[in-house]
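The opening position of the sequence shown corresponds to residue 443 in our numbering, with each subsequent residue numbered one higher.
Note that the Cβ used here is the ideal one computed from N, Cα and C, for glycine as well.
Inspection log for the structure reproduced underneath, given as structure tokens.
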Amino acid sequence: MTVTIMHISDLHRDSGSQITTTALLNSLARDRAKYMGREDIPGPDLAVVSGDIIYGVKGGEKEGEQRLQAQYDEAHDFLIALADRFFEGDRERVILVPGNHDVSMSHVERATTPVPVPEEPDKKAILVSRLLGNDPKLRWRWADFSALEITNPHLYEQRLEPYAQFYHRFYEGKRTFPVDPANQFSVHDFPGLGVSFVGLSSCHENDIYNRTGRVHPDALAQAMDAVSPCFKKGRLVIGVWHHSIQGGPKETDYIDSDLLQALMDGNCSIGMHGHQHRPQLLEHRFTPDRKRSISIISAGTLCGGPRSLPTGRMRAYNLVVLDTQEGKGTIHVRHMANSDFSSPVWGAGHVTEFGGTSIDFELPKSAVPVIQPLAVAGEADQLLRSGEPSAAYEIVKPLLDNPIMRRIAASALSDMGDWREIIEVFKCPRSPAEFILLSEAYEELGAWESMRTLHSSDFAQVQADSAIKQRIEMCRATLIGKK
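If you want it as structure tokens, here you go:
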């Protein structure tokens, strides 16, 4: 089974930005036509948006709340249009997580109080000790060499409330984003594609004064428990967050790579993030027993301006193609190939570290789903009962040599009315039920000669089943005069 993920990040949507939603969306649609037509890259099945949905507003800025809302409105319009144009309007196929730019600095400023820096050496030493000891309530503001203390923890935790409102609106109330950092995670399961995503917020205790990324330990623990049933059903599990897992010697705005140990322990095989504004692949972060590994994929910035681009980089996004049957993945980098930031033209992007415009990577052997027929049959049956025949068919499709799977496939395709797929799958029927369904498909499509051939086949002649005989008799009158 192959699945293609459009990995976009760092949208930095701003009502005053250089690129409009219409121009951006049309440019991505034109690029899709190019890579599907000329470069044989399959179109995306899903989109991952790994944070920094908006650019953000400084604390205390005049009409800051209105500007923040305008940015979220612009992001909302773009992502709805993306879902409509690329994913048949299915917003569940767009996976969202927050980034540091999505933190409301207005909430941070109102939740903190200046702490006077004492003149006395001993008291100053105590303050320094608290700052260097990573006291979660203290912040240092380099702009004026002053200390701040979080004196309203409840308000401070509300700093992702504007993002939560945007999230709720985008998913039309079907998903919510908790402001409590201990519950900031999401699971997105796609049975028909064989993949599950676990979305994480790397913005725990993060603000403009504390730029380090972190996932709340309770959220991480709950997320791994919540996605475990998906892994047991044979899904490839992918983690999504915002912050980079490494940085330069003078940088602090990345997340502790120990996160990877927890992800591997929770059976995540791939991680996707943004933040660093450049595509990258880091492979094989082994656990101590060296039996598990994870591939970490970073995306460039989709809409960042010239000042936000690393030296020698342009705007970019990834197309990640995963072939779970072959146990391999490929990252295709798309970058802005022109210099007009208001009207991008996308193309294959050369990445020096990749040695080209794409790079292959292996899925760890433990990550390749081991399909358990009985478990798949149970899940497919539940999907049928829930009115999701398409998803049911997709998960049994790789197992059509199994009689149980064939019966489920027949029911699903019949519910869907997909007569052409029925003919393709059951053109050599193995049971009376398959024969009758195939006959019905030929009748629905007016394939009269194929129906005659089926009814005179060796399978039909040797069958003593009364249902087949009755079906053949019913169709004789229908076939009179048909060509």
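- Counting the other CB atoms within 10 Å of its CB gives Glu-876 a total of 16 or more, which places it among the buried residues.
- Fully enclosed alpha helix (DSSP H) runs of no fewer than 4 residues occupy 815 to 827 of the stretch 761 to 834, in order along the chain.
- Around the Cβ of Ala-589, a 10 Å sphere holds 16 or more other Cβ atoms; the residue is buried.
- Assignment of Ser-711 by DSSP, reduced to helix, strand and coil, places it in the strand class.
- Asp-857 has its alpha-carbon roughly 12 Å from the corresponding atom of Ser-828.
- Of the candidates Thr-743, Leu-642, Glu-891 and Ile-712, Leu-642 places its Cα closest to the Cα of Ile-697.
- With respect to Val-545, Gly-498 sits close: the two C-beta atoms are nearer than 9 Å.
- Contact annotation: Glu-836 and Leu-635 have beta-carbon atoms nearer than 9 Å.
- Residue burial annotation: Asn-709 is buried, with at least 16 other C-beta atoms found within 10 angstroms of its C-beta.
- Contact annotation: Ile-496 and Arg-455 have beta-carbon atoms nearer than 9 Å.
- In this structure, the straight-line span from the alpha carbon of Ala-624 to that of Ala-523 is close to 32 Å.
- Here the alpha carbon of Leu-764 sits roughly 27 Å from the alpha carbon of Phe-612.
- Glu-591 is a Cβ neighbour of Leu-580, given a cutoff of 9 Å.
- For His-630, there is no enclosing alpha helix (DSSP H); the enclosing beta strand (DSSP E) has its first and last residue at 627 to 632.
- Ser-832 sits exposed, since fewer than 16 C-beta atoms from the chains shown fall within 10 Å of its C-beta.
- Taking Arg-474 as the centre and dropping the five residues before and after it, the same chain places the C-beta of Gly-485 closer than 7 Å to its C-beta, in chain order.
- With a beta-carbon spacing of about 5 Å, Gly-716 and Asp-452 fall inside the 8 Å limit used to define contacts.
- Beta-bridge pairing by DSSP links Leu-538 to Val-491.
- Membership of Phe-639 in the beta strand (DSSP E) is indicated by the continuous run 637 to 642.
- Taking each of His-897, Ala-889, Ser-899 and Ile-910 in turn and checking the Cα distance to Lys-924, the smallest one comes out for Ala-889.
- A Cβ-Cβ contact shorter than 9 Å links Ser-737 with Leu-723.
- One Cα belongs to Glu-795, the other to Val-536, and the distance between them is close to 28 Å.
- Secondary-structure assignment with DSSP links Gln-905 through no beta bridge to anything.
- According to the DSSP assignment, Gln-722 belongs to the beta strand (DSSP E) that extends over 722 to 724.
- For the stretch 491 to 561, the continuous beta strand (DSSP E) assignments of 3+ residues that do not extend past its boundaries occur at 536 to 539 and 554 to 557, in sequence order.
- Rounded to whole angstroms, the separation of the alpha carbons of His-543 and Leu-744 is 14 Å.
- Following the DSSP letters along the chain, one finds Leu-841 in no alpha helix (DSSP H), marked with neither H nor E.
- Following the DSSP letters along the chain, one finds His-719 in no beta strand (DSSP E), marked with neither H nor E.
- Contact between the stretch 780 to 792 and the stretch 747 to 760 is established, with three or more Cβ pairs separated by less than 8 Å.
- Boundaries for Glu-591: no alpha helix (DSSP H) harbours it, while the beta strand (DSSP E) harbouring it runs 588 to 592, taken from the DSSP string.
- If you draw a straight line from the Cα of Ser-881 to the Cα of Glu-614, it comes to about 42 Å.
- Exclusion of the five residues before and after Gln-600 leaves His-549 and Val-621 as the residues of its chain whose Cβ lies within less than 6 Å of its Cβ.
- Counting along the chain, His-684 sits inside no alpha helix (DSSP H), nor does DSSP assign it H or E at all.
- In the three-state reduction of the DSSP assignment, Tyr-884 falls in the helix class, which pools H, G and I.
- With contact defined as three or more Cβ pairs closer than 8 Å, the stretch 700 to 709 and the stretch 666 to 677 are in contact.
- Cβ atoms of Ala-851 and Lys-839 come within 8 Å of each other, at about 7 Å.
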